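Structure first, then comments.
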Amino acid sequence: MKFSQFVQELSHSQLLPVYLISSQEIFFTDRAISLIKKRFEDSVETNEYILLDAQTTHFSTILSHASTYPFFTSKQLIIVKNFDSTPKDAYESYESYFNDPAEFTILVISAEKIDKRLKFCTIASKKGFLQHFDQPKPYEIPNVIRHELRHTYNLSIDEEGTALLSELIGNNLHMLHSELEKLSLFVGDKPISVKDVADMIGNSSIVNNFKMVDYLAKKNVKLSLHMLIHMLNEQQEPPERLFGLLKWQFHRLYTAKKALMHGISITKICSDLKILPFHQDNFVSQLKIYDLQQLKNIYTALFNLDRNMKSTGINKNFLIEQLFWSVAL
């Protein structure tokens, strides 16, 4: 299930007696629990809320809490984290509970990964209790950004700002939450523009990224690697964001180079690509350094880097350094 679908269904239906949340993306898990908790608080005048950890609380205690009528209210919310550590001999007890859940309890269970083949999982799925959220694909991130801004901050963002933010954060949703919070405080109740994203989140990174791209173009291995290490180590730039910046910049250069070859003026190109005025001179100078084939080769290398960052356990900083060596030499 897509997270946006879960949010929509949650807002238009009664709370379920059980939510079994499975996701390796902690952003989705935390948001889902937060939304369920808010719905619970809005629906019950006096509410009782219990937070339990499956690592430190025996399953029999958890199910005992769920089956015991609350003292001060008609309904209670019980949230259980780290369900992954639940022993196998507990599954049968959870099967029994899922088949006949207490009407006075909302039991929310979260885990990074659950084997859907297990019987208690099958029961949860059939009853609609299982909520599984996959990590979004890169092409889905713009929709996640717009959805989160609209529902959490009541804000909108322009298309260019969405594209830049997507490149800056990749599909790191934990980082996205932090950056959206900064942006919401920065703009107040105004719509978010690409300039807001550049000023608040990416400005210093973008400036340094321009320098790195310059050094790479001039085959200056020493300075390009020095800038890379400075951003990764001293500025603590996440490798995903650094990769996003590089991909974003080289994609714009490749698009602009093709447009120039079709006779489009540089003024129109900068306008169409939303190159900020204070970056236009640097952008034009980089266009003069690279030819179209170089940009194609670099974009292919970035594609391979993206695949390796997602599918291998190799250190991401090392992978980006490898890319720099291959481009600069």
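The sequence shown begins at 0 in numbering that gives the first Met the number 0 and counts up one residue at a time.
Glycine included, C-beta positions come from ideal geometry on N, C-alpha and C.
Please read these numbers as outputs of a predicted model, since none were measured by experiment.
Can you tell me which residues form a DSSP beta bridge with residue i?
{"i": "S109", "result": "I20"}
{"i": "K80", "result": "D52"}
{"i": "I385", "result": "Here the chain comprises residues numbered 0 to 328, so residue 385 is not present and cannot be evaluated."}
{"i": "T45", "result": "None; T45 has no bridge partner."}
{"i": "T266", "result": "Answer is none; T266 lacks a bridge partner."}
{"i": "T85", "result": "BP columns for T85 are empty, so no partner."}
{"i": "T104", "result": "Q75"}
State the start and end residues of the unbroken alpha helix (DSSP H) segment that holds residue i.
{"i": "I61", "result": "F58 to S66"}
{"i": "D29", "result": "I25 to S42"}
{"i": "P335", "result": "Residue 335 falls outside the range modelled here, since the chain spans only 0 to 328, and no answer is possible."}
{"i": "M260", "result": "P238 to M260"}
{"i": "M230", "result": "That residue, M230, is in no alpha helix (DSSP H); it is neither H nor E in DSSP."}
{"i": "H367", "result": "One cannot answer for residue 367 here, as it falls past the ends of the chain, which runs 0 to 328."}
{"i": "Q4", "result": "F2 to S10"}
{"i": "L286", "result": "Q279 to I288"}
Using a threshold of 8 Å, state whether the C-beta atoms of residue i and residue j are closer than that.
{"i": "G243", "j": "V196", "result": "no"}
{"i": "A53", "j": "N98", "result": "no"}
{"i": "L175", "j": "I144", "result": "yes"}
{"i": "P141", "j": "S177", "result": "no"}
{"i": "Q75", "j": "I49", "result": "yes"}
{"i": "L172", "j": "E24", "result": "yes"}
{"i": "I61", "j": "E94", "result": "no"}
{"i": "S109", "j": "I191", "result": "no"}
{"i": "L227", "j": "E320", "result": "yes"}
{"i": "Y90", "j": "L117", "result": "yes"}
{"i": "L318", "j": "L245", "result": "no"}
{"i": "L163", "j": "W247", "result": "yes"}
{"i": "E27", "j": "F2", "result": "In the sequence under discussion, the amino acid at residue 27 is Phe, which differs from the Glu named in the question. Going by C-beta atoms, F27 is nearer than 8 Å to F2."}
{"i": "M260", "j": "L291", "result": "yes"}
{"i": "E147", "j": "L182", "result": "no"}
{"i": "L286", "j": "L252", "result": "yes"}
{"i": "K315", "j": "P238", "result": "yes"}
Could you tell me the boundaries of the beta strand (DSSP E) in which residue i lies?
{"i": "Q134", "result": "Neither: Q134 is in no beta strand (DSSP E) and is coded neither H nor E."}
So what does DSSP say about residue i, is it helix, strand or coil?
{"i": "Y298", "result": "helix"}
{"i": "Q75", "result": "strand"}
{"i": "T161", "result": "helix"}
{"i": "T311", "result": "coil"}
{"i": "K115", "result": "coil"}
{"i": "D99", "result": "coil"}
{"i": "K221", "result": "helix"}
{"i": "L15", "result": "coil"}
{"i": "L272", "result": "coil"}
If distances are taken between C-alpha atoms only, which option among the options comes closest to residue i?
{"i": "T104", "options": "Y253, D114 and I35", "result": "I35"}
{"i": "T151", "options": "K257, K115, F132 and D188", "result": "D188"}
{"i": "A65", "options": "K194, D213 and P16", "result": "P16"}
{"i": "D29", "options": "F132, Q7 and S42", "result": "F132"}
{"i": "L14", "options": "Q293, F2, D41 and Q235", "result": "D41"}
{"i": "E135", "options": "K315, L286 and S22", "result": "At residue 135 the sequence reads Pro, which differs from the Glu that was named. Nearest of K315, L286 and S22 to P135, Cα basis: S22."}
{"i": "I288", "options": "K295, I297, K309 and K217", "result": "K217"}
{"i": "T45", "options": "L294, H225, S73 and V326", "result": "S73"}
{"i": "I20", "options": "S10, I78, Y68 and V212", "result": "I78"}
{"i": "V212", "options": "E8, I297, D88 and Q234", "result": "I297"}
{"i": "K37", "options": "L51, V6, S59 and T67", "result": "V6"}
{"i": "E111", "options": "T85, L252 and P69", "result": "T85"}
{"i": "M199", "options": "G262, V186 and N207", "result": "V186"}
{"i": "Y68", "options": "F58, L272, H57 and P100", "result": "P100"}
{"i": "K256", "options": "K115, S10, S155 and Q293", "result": "Q293"}
{"i": "L51", "options": "V107, D271 and E158", "result": "V107"}
{"i": "V193", "options": "I156, T266 and S270", "result": "I156"}
Compare the C-beta of residue i against all C-beta atoms of chain D and say whether one is closer than 8 Å.
{"i": "D290", "result": "The question asks about chain D, but that chain is absent: this structure has only one protein chain."}
Any heavy atom of the ligand GDP within a distance shorter than 7 Å of the CB on residue i?
{"i": "Y90", "result": "The ligand GDP is not among the ligands present in this structure, which contains no ligands whatsoever."}
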